[in-house]
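Comments concern the structure below.
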Amino acid sequence: MLPYQMVFASYTGQDDTVCVPEGATHIGPAAFQRNRYLRDVVIPEGVVQIDDEAFDACVNLEHVSMPSTLKAIGARAFKGCWRLQHLDLPEGLEDIRDQAFLRCRGLEELSIPESVTHLGREALRNCVSLQHLRLPESIRRVEEGLLRDCVSLRSVQLPESLEAIEDDAFNTCTKLTDVELPEGLGWLGRRAFRGCAELRCINIPLSLPSLEERVFLGCRSLRGLELPPTLDFVDPAAFDPLADPTLPPEPDNDAGAAEQDAERQPEASGNVADAADAQNV
Numbered sequence: 001m002l003p004y005q006m007v008f009a010s011y012t013g014q015d016d017t018v019c020v021p022e023g024a025t026h027i028g029p030a031a032f033q034r035n036r037y038l039r040d041v042v043i044p045e046g047v048v049q050i051d052d053e054a055f056d057a058c059v060n061l062e063h064v065s066m067p068s069t070l071k072a073i074g075a076r077a078f079k080g081c082w083r084l085q086h087l088d089l090p091e092g093l094e095d096i097r098d099q100a101f102l103r104c105r106g107l108e109e110l111s112i113p114e115s116v117t118h119l120g121r122e123a124l125r126n127c128v129s130l131q132h133l134r135l136p137e138s139i140r141r142v143e144e145g146l147l148r149d150c151v152s153l154r155s156v157q158l159p160e161s162l163e164a165i166e167d168d169a170f171n172t173c174t175k176l177t178d179v180e181l182p183e184g185l186g187w188l189g190r191r192a193f194r195g196c197a198e199l200r201c202i203n204i205p206l207s208l209p210s211l212e213e214r215v216f217l218g219c220r221s222l223r224g225l226e227l228p229p230t231l232d233f234v235d236p237a238a239f240d241p242l243a244d245p246t247l248p249p250e251p252d253n254d255a256g257a258a259e260q261d262a263e264r265q266p267e268a269s270g271n272v273a274d275a276a277d278a279q280n281v
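Every letter in the sequence shown is one number past the one before it in full-length UniProt numbering, and letter 82, counting from 1, is 82.
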């Protein structure tokens, strides 16, 4: 038997404040899409999912009250909600899907609960007012374009559990200055930090095998970056021409050969002495 569901399917009224009826379990796909009157919405306890495009292009939406029962926010659910400045995401939320908050240009602060295990592609792209973000330890992967074009982002705290940063994750975060990549990171995608013009300090963990195409291109402020000898591959276009990465030292073949000769020398000297003694006898 399927679990009980009651979908709040659609609202086309002109009220600026809407309380979703008690008993609803889902806010349906595109339920409020392009409603230019809506400013405040209250979602009751019992709602577990906000479906795709539920509040897409609600350009005057300023406040959303979310229930503690919420588990998932669908793709493009709040895309283009320009006036939305602050959201209290409930502990217990698990899934924020692709482009959920794309172009929420007024969003200044957002706290991601520890319960969230998935942040979809471009979920926060072009949130141009967002300045700081902490990703919880439950996140293993920064998906493609997650914070792309967040031009006011100054700091991001990455979890120690992080395994991968995908392509374009922080592309054109022009105000980002310092990033600490966790040990254990196994993948840093193409153009991940491209265009981060004010990025001054970032570390390359020993666990990272390669630096991909244009990963730091346009990072004109990056200086003195030390590349570990554990890197197997560095793309020729990984860095901006103005950057000055410190390459790992090349093996000194001449020194190695000299050391081997020195190790063999006592053995050779002993053989010569033995030969001389044999002649004297």
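By construction, the Cβ of each residue, glycine as well, lies at the ideal position given by its N, Cα and C atoms.
Note that the coordinates shown come from a computational prediction; the quantities given were computed from them, not determined experimentally.
inquiry  = Quick check on THR172: buried or exposed, where buried means 16 or more other Cβ atoms within 10 Å of its Cβ?
reply    = buried
task = Assign GLN33 to buried or exposed, taking buried as 16 or more other Cβ atoms, counted over all protein chains shown, within 10 Å of its Cβ.
result = buried
ask   = With DSSP run on the structure shown, which of helix, strand or coil describes GLY224?
value = strand
task = Return yes when the Cβ of ALA237 is within less than 9 Å of the Cβ of CYS219, no when it is not.
result = no
Cβ neighbours of ARG148 in the same chain (closer than 8 Å, five flanking residues each side left out) = GLU122, ARG125, ASN126, ASP168, ALA169, PHE170, ASN171, THR172, CYS173
request  = Within 10 angstroms of the Cβ of HIS26, are there 16 or more other Cβ atoms? Answer buried if so, exposed if not.
outcome  = buried
key: CYS201 (DSSP reduced to helix, strand or coil)   = strand
ask   = According to the neighbour-count rule (16 or more other Cβ atoms, all chains shown, within 10 Å of its Cβ), is ASP88 buried or exposed?
value = exposed
ask   = Sorted by chain position, which residues of the same chain lie with C-beta nearer than 7 Å to ASP16's C-beta, five sequence neighbours on each side aside?
value = TYR37, LEU38, ARG39, ASP40
request  = Report buried or exposed for GLY13, applying the criterion of at least 16 other Cβ atoms within 10 angstroms of its Cβ.
outcome  = exposed
task = Alpha carbon to alpha carbon, how far is GLY189 from VAL234? Give it in angstroms, no decimals.
result = 12 Å
request  = Tell whether a beta-carbon distance below 9 Å holds between ALA54 and PRO90.
outcome  = no
message = Please list the terminal residues of the continuous beta strand (DSSP E) segment that includes ARG134.
response = 132 to 134
task = Return helix, strand or coil for PHE170, following the three-state DSSP convention.
result = coil
message = When you compare the CB positions of ARG214 and ARG194, do they come within less than 9 Å of one another, or not?
response = yes
inquiry  = Quick check on VAL59: buried or exposed, where buried means 16 or more other Cβ atoms within 10 Å of its Cβ?
reply    = exposed
ask   = CYS19 lies in the beta strand (DSSP E); which residues open and close that run?
value = 17 to 19
task = State the beta-bridge partners of LEU124 as determined by DSSP.
result = Bridge partners of LEU124: none, in fact.
inquiry  = For ALA9 and ILE50, which I take to be in contact (beta-carbon distance under 8 Å), what is that distance rounded to the nearest angstrom?
reply    = About 13 Å; that fails the 8 Å criterion.
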